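995 is the number of the first residue of the sequence shown in this note's numbering; add one for each residue after it.
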Amino acid sequence: MTFEQEGDSLTVIHIAHPKKYLLLPIEESSAEGQVRLDTGDPGDTDMDIRLANKKVDYYVPFALPEGADSATVRINRIGKNAVCWKEIKLSDTFDTTNTEKFRPIYHHTPLYGWMNDANGLVYKDGVYNLYFQYNPYGSVWGNMHWGHSSSKDLMHWDHKAPAIARDTLGHIFSGSAIVDKDNAAGYGKGSIIAFYTSASDKNGQIQCMAYSKDNGDTFTKYEKNPILRPFDGLKDFRDPKVFWYEPARKWVMIVSADKEMRFYDSQNLKDWNYLSGWGEGYGVQPR
């Protein structure tokens, strides 16, 4: 690795014949820096990571392109005297052995990182897929991805790579997933289609989709995302729940829209029509 300083807070790391991971040293009390794998693609996205300034609390793996001759990583907002520059490592392995005294044994937890809401729970071909809100770069909220684990009995879990990663549209917030048994979306019968909220200050909260042709292990984001925006510029517009409504032979999406729920329908899972809203004025309302 070679380190190129550009200004007071931007460092470019040039890596020849990269290994599988760049192991990043984390200090939880540090301010967030920005770390980006620079491939030259417009979709390259900064991740907010608390790199070690004075001490190292633990490491997280930052995946590098497999089989590449070189890789470039740009790190911004980290001072030149931070301890992380001496502690960053290259490695082909990352130890995920769980040794924490209070880690649950029966209930699902990721191997490392931070998680909350379960997303996209879907069953196909004898396998239960559990996706969840996930930060692979720290033990606090941030960099929302869809983490992924699968199981055949809902007790023993195989931990997979994150299924849907944060991108230039925003964090990957909560949502749902369906098995497209009749190929409504056009990606093949039995494809798994995921619906999620992309959230950012720039774009607000918008609904997006991605599809999987390998039973939910990897997803490709729909090239025309977003598939749905709030028609009135609403700030809180998230967490799409999609299901098949047999009596009307159509797909239905319910979206949390501030103080109400909004209902939409679709035949192809891409084009959604507003039906109605329900709930505004009911229950406890903020003043």
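Every residue, glycine too, gets a C-beta built ideally from N, C-alpha and C. No experiment lies behind these values; they were computed from the predicted model shown.
Between residue 1169 and residue 1104, the CB-CB gap reaches or exceeds 9 Å. Just measuring C-alpha positions, the residue of 1162, 1035, 1110 and 1236 sitting nearest residue 1188 is 1236. Within the segment 1053 to 1107, the beta strand (DSSP E) runs of at least 3 residues that lie entirely inside it are, in chain order, 1064 to 1070 and 1083 to 1085. The DSSP-derived three-state label of residue 1240 is helix.
Just so you know, the alpha carbons of residue 1136 and residue 1020 end up roughly 14 Å apart.
Ranking 1263, 1164, 1157 and 1212 by CA distance to the CA of residue 1174 puts 1263 first.
When the beta-carbon positions are compared, residue 1164 and residue 1131 stay at least 9 Å from each other. Here the alpha carbons of residue 1184 and residue 1120 stand approximately 13 Å from one another. For the set 1158, 1046 and 1277, the Cα lying nearest the Cα of residue 1023 is the one of 1046. Boundaries of the beta strand (DSSP E) around residue 1030: 1027 to 1031. Check the Cα spacing between residue 1056 and each of 1209, 1211, 1000 and 1015: the tightest is with 1015. For residue 1159, there is no enclosing beta strand (DSSP E), since its DSSP letter is neither H nor E. DSSP places residue 1037 in the coil class of the three-state scheme, outside both helix and strand.
Judged by DSSP in its simplified three-state form, residue 998 adopts strand.
As computed with DSSP, residue 1019 is found in a beta bridge with 1053.
Cβ contact annotation for residue 1256 (same chain, cutoff 6 Å, sequence separation greater than five): 1249 and 1271, in chain order. Judged by DSSP in its simplified three-state form, residue 1003 adopts coil rather than helix or strand. With contacts defined as CB atoms closer than 9 Å, residue 1112 and residue 1125 qualify as a contacting pair. Counting of Cβ neighbours within 10 angstroms places residue 1116 among the buried residues, the total reaching 16 or more.
Classified as buried, residue 1198 has 16 or more neighbouring CB atoms from the shown chains inside 10 Å of its CB. The alpha-carbon of residue 1042 is positioned some 43 Å away from that of residue 1240.
Looking at the backbone, the Cα of residue 1215 and that of residue 1026 are separated by about 27 Å.
Setting aside the 5 residues that flank it on each side, residue 1081 is surrounded in the same chain by 1019, 1046 and 1050, each with a C-beta closer than 7 Å to its C-beta; the list follows chain order. The beta carbon of residue 1071 sits closer than 6 Å to the beta carbons of 1003, 1027 and 1028 from its chain, once the five residues preceding and following it are set aside; these are given in chain order. By the C-beta density criterion, residue 1099 is exposed, having fewer than 16 other C-beta atoms within 10 angstroms. Residue 1205 is classed as buried because its beta carbon has at least 16 other beta carbons within 10 Å across all chains shown.
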